[in-house]
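J.: I'd like to ask you about the structure that follows.
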Amino acid sequence: MIDYVVKLTKDATKVSPLDHEQLRAASFDDRAILQITLIAAWFNYINRVADSLGVGRD
């Protein structure tokens, strides 16, 4: 799962059906894969917004 999230974070266009198959092989069903994807994407989005606005910087 961590490898998938790192790939999603670095370049989501590199995620392929093979990545989803690997998650299924690790006992994640389609719903879990969707949840992993949504949570990772949401954190990436929020962090980019916060970083671009200087949130949390002195």
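In this note's numbering, the protein residues as written are 36 to 93.
Here a beta-carbon is modelled for each residue, glycine too, at the ideal position from N, C-alpha and C.
Keep in mind that this is a model prediction, so the values were computed, not measured.
(1) Applying the criterion that 16 or more other CB atoms from any shown protein chain within 10 Å of the CB defines a buried residue, is Tyr80 buried or exposed?
(2) In the DSSP assignment, find the alpha helix (DSSP H) that holds Arg92 and state where it starts and stops.
(3) Out of curiosity, what's the CA-to-CA distance linking Ala76 and Met36?
(4) Classify Asp64 as helix, strand or coil using the three-state DSSP reduction.
(5) Please confirm whether Ala60 has its beta-carbon closer than 9 Å to some beta-carbon of chain E.
T.: In terms of the structure at hand:
(1) Here residue 80 refers to the residue found at position 45 of the sequence shown. Result: exposed.
(2) Indexing the sequence shown from 1 puts residue 92 at position 57. No alpha helix (DSSP H) holds Arg92; DSSP gives it neither H nor E.
(3) The residue given as residue 76 occupies position 41 in the sequence shown. The residue given as residue 36 occupies position 1 in the sequence shown. Their Cα atoms are separated by approximately 14 Å.
(4) Counting from one through the sequence shown, the residue named residue 64 turns up at place 29. Residue state, collapsed to three classes: coil.
(5) Absent from the structure is chain E; it holds one protein chain and no more.
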